[in-house]
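Q: Pasting a structure here, questions to come.
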Amino acid sequence: MVVRALGLQGAQVVAAASGAEALGLLPGSDVNLLISDLGMPEMTGFELLAHVRALPAGQGGEVPAIALTAFARETDRRQALEAGFRAHFRKPVEFSALVRAIQEMGLS
Numbered sequence: 121m122v123v124r125a126l127g128l129q130g131a132q133v134v135a136a137a138s139g140a141e142a143l144g145l146l147p148g149s150d151v152n153l154l155i156s157d158l159g160m161p162e163m164t165g166f167e168l169l170a171h172v173r174a175l176p177a178g179q180g181g182e183v184p185a186i187a188l189t190a191f192a193r194e195t196d197r198r199q200a201l202e203a204g205f206r207a208h209f210r211k212p213v214e215f216s217a218l219v220r221a222i223q224e225m226g227l228s
């Protein structure tokens, strides 16, 4: 749903089926935003972001990240922000709020 909605807004969206796949897409790509679930199997969103932050800046290490997750408690939000996610949204996401957050990051 988010992939389709962002695509309709003109974004070029690359979707990954797992954290490992997403991590493999970053080096050498032109990704300017990472949107990740937190509760993925094999590699959580927290683990994915830690791996991303270990990359050099030119390989995606500084890409802004948004958590989009069913983990909706205040402690989940706080943990996501402390881990380096720039925003935290619970599912189902209000699309206009997600777009607003993306725009506030200077992305369009």
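Residues in the sequence shown are numbered consecutively from 121, following the numbering used here.
Every residue, glycine too, gets a C-beta built ideally from N, C-alpha and C.
Since the structure is predicted, the reported quantities are computational estimates derived from the model, not experimental observations.
From this set, L201, H171, I222, I186, which residue's C-alpha is nearest L145's C-alpha?
A: For the purposes of this step, residue 145 is taken as the residue at position 25 of the sequence shown. Here the closest residue by C-alpha is H171.
Q: Between A135, S138, G204, L154, which has its C-alpha nearest L218's C-alpha?
A: Position 98 of the sequence shown holds residue 218. Of A135, S138, G204, L154, the residue nearest in Cα terms is L154.
Q: What separation, rounded to the nearest whole angstrom, lies between the Cα atoms of A142 and G226?
A: Walking along the sequence shown from the start, residue 142 turns up at place 22. Walking along the sequence shown from the start, residue 226 turns up at place 106. Their Cα atoms are separated by approximately 22 Å.
Q: Please classify A207 as buried or exposed, where buried requires at least 16 other C-beta atoms within 10 Å of its C-beta.
A: Looking up residue 207 in the sequence shown gives position 87. Buried, by the Cβ-count rule.
Q: Closer than 7 Å by C-beta to L201: which residues in its own chain qualify, once you throw out the five before and the five after it? Chain order, please.
A: Locating residue 201 in the sequence shown gives position 81, where the first residue counts as 1. So the qualifying residues of the chain are H208.
Q: Taking only three categories from DSSP, how would you classify F153?
A: Sequence index remark: in the sequence shown, residue 153 carries index 33 (1-based). Strictly speaking, residue 153 in this sequence is Leu, with Phe absent from that position. Three-state DSSP puts L153 in coil, outside helix and strand.
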